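Numbering (this note's numbering), first residue to last: 1 to 74. A virtual CB, placed ideally from N, CA and C, is assigned to each residue, including glycine. In this text, all values refer to a predicted model and were calculated from it rather than measured experimentally.
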Amino acid sequence: TDHGSGSVAFVMGDGVKGGTYGTYPSLEPSKLDEGDLRWNNDFRSTYAELLDKWMGLDDRAILGGNYEQFGFIK
Numbered sequence: 001t002d003h004g005s006g007s008v009a010f011v012m013g014d015g016v017k018g019g020t021y022g023t024y025p026s027l028e029p030s031k032l033d034e035g036d037l038r039w040n041n042d043f044r045s046t047y048a049e050l051l052d053k054w055m056g057l058d059d060r061a062i063l064g065g066n067y068e069q070f071g072f073i074k
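This is the structure in structure tokens:
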């Protein structure tokens, strides 16, 4: 994999709703982007939820936009 294009994030603890969030990227050669995994989920969505729900900060001001949150924080 290309760590500059596709990646994974783990969030653990009592304040987290367990499960898998987002869509796993395809490994089919025809679905790759110039040989790299095509990302499906914007990392800023994960950051937005952590900033807003866990840290109580204004995610929109920090990230410079509104990003859909996955709903993994209790």
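Excluding the 5 residues flanking it on each side, Tyr21 has same chain C-beta neighbours closer than 7 Å at Phe70, Phe72, in chain order. Around the CB of Leu57, fewer than 16 other CB atoms lie within 10 Å, so the residue is classed as exposed.
The residue among Met55, Asn40, Leu50, Ser45 with its C-alpha nearest the C-alpha of Gly65 is Ser45. If you draw a straight line from the Cα of Ala48 to the Cα of Ala9, it is about 14 Å long.
Within the same chain, and ignoring the five residues on either side of Arg38 in sequence, the residues whose Cβ sits closer than 7 Å to its Cβ are Pro25, Lys31, Leu32. For the 8 Å CB-CB criterion, Asp42 and Leu51 do not form a contact.
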